[in-house]
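Undergrad: Its first residue numbered 1, the sequence shown is counted upward by one per residue in UniProt numbering. Let me give you the structure first, and then I'll get to my questions.
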Amino acid sequence: MVTEISLSDVRGLIGMETGLSDWITVDQTMIDAFAGATDDHQFIHVDPERAAAESPFGGTIAHGFLTLSLLTRMNYNCLPKVREQTMGINYGFDRVRFMTPVKSGARVRGRFLLSDARFRGGGMLMTTYDVSIEIENEKKPALTARWITIIQFDPKDRPEDV
Numbered sequence: 001m002v003t004e005i006s007l008s009d010v011r012g013l014i015g016m017e018t019g020l021s022d023w024i025t026v027d028q029t030m031i032d033a034f035a036g037a038t039d040d041h042q043f044i045h046v047d048p049e050r051a052a053a054e055s056p057f058g059g060t061i062a063h064g065f066l067t068l069s070l071l072t073r074m075n076y077n078c079l080p081k082v083r084e085q086t087m088g089i090n091y092g093f094d095r096v097r098f099m100t101p102v103k104s105g106a107r108v109r110g111r112f113l114l115s116d117a118r119f120r121g122g123g124m125l126m127t128t129y130d131v132s133i134e135i136e137n138e139k140k141p142a143l144t145a146r147w148i149t150i151i152q153f154d155p156k157d158r159p160e161d162v
């Protein structure tokens, strides 16, 4: 995979898969830490015995928002860095869908397809990725979403042909 690209190369990647991250193990320690950070201590996340006995999942599952938040780590792991970038900004998500629960101990990875890239103002490039988080040995993904980010750069670095 390409690890670095220039601003002038980004738009040529529209419609292409631009990254597939390494696998990440979502273990109970990670789930418990997320529960503590968000104050979401629902038993299906933090009580393995009760979740095994009373839920359809056979044990604890990760919070959907924990799974979603792993996209940042996955992004840094696999998407090419834009040489001219001075800062990245998370603009938001469209159409987030949680498809399959991530069971404690499962491994997940992110798949990124660049669906759009538009220059805005003098020093911003808005990128839109169709993303999915796959679960190892599962047919359906944990989630799918459209992720919008902004690459900020010095306006003097803006390609002249855009």
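Each residue gets a CB set at the ideal place from its N, CA and C atoms; glycine is no exception.
Please report the residue range of the beta strand (DSSP E) in which Asp-130 lies.
TA: Element bounds for Asp-130: 124–135.
Undergrad: Going residue by residue through the UniProt domain "MaoC-like" (13–121), where are the continuous alpha helix (DSSP H) segments of at least 4 residues, counting only ones entirely within it?
TA: List check, alpha helix (DSSP H) in window: 28–38, 43–46, 48–54, 64–78.
Undergrad: Thinking C-alpha only, which one of Pro-80, Gly-121, Gly-59 is nearest Asp-154?
TA: Closest by alpha carbon: Gly-121.
Undergrad: Report the CB separation of Lys-20 from Arg-109 in whole angstroms; it is logged as a contact under 8 angstroms.
TA: A quick correction: the sequence has Leu, not Lys, at residue 20. With 8 angstroms as the limit, Leu-20 and Arg-109 qualify as a contact, their Cβ atoms being about 7 angstroms apart.
Undergrad: From Thr-29, Gly-123, Phe-57, pick the residue whose C-alpha is nearest to that of Thr-86; which is it?
TA: Minimum Cα distance to Thr-86 is reached at Gly-123.
Undergrad: Of all the options Thr-72, His-63, Phe-119, which has the alpha carbon lying nearest to the alpha carbon of Pro-101?
TA: Closest option to Pro-101, Cα to Cα, is His-63.
Undergrad: Let me check understanding here. Comparing Cα to Cα, which of Lys-156, Ile-133, Glu-138 lies closest to Asp-22?
TA: Nearest C-alpha to Asp-22: Ile-133.
Undergrad: Quick check: the Cα distance between Thr-128 and Leu-114, rounded to an integer number of angstroms?
TA: Distance between the alpha carbons of Thr-128 and Leu-114 is about 6 angstroms.
Undergrad: Roughly how many angstroms separate the alpha carbons of Asp-40 and Thr-67, rounded to a whole number?
TA: Rounded to the nearest angstrom, the two C-alpha atoms are 14 angstroms apart.
Undergrad: If you compare alpha carbons, which of Asp-116, Glu-136, Pro-141 is closest to Asp-9?
TA: Closest option to Asp-9, Cα to Cα, is Asp-116.
Undergrad: Measure the beta-carbon distance from Phe-93 to Thr-18 and round it to whole angstroms, keeping in mind my assumption that it falls under 8 angstroms.
TA: No, Phe-93 and Thr-18 are not in contact; Cβ-Cβ is about 17 angstroms, not under 8 angstroms.
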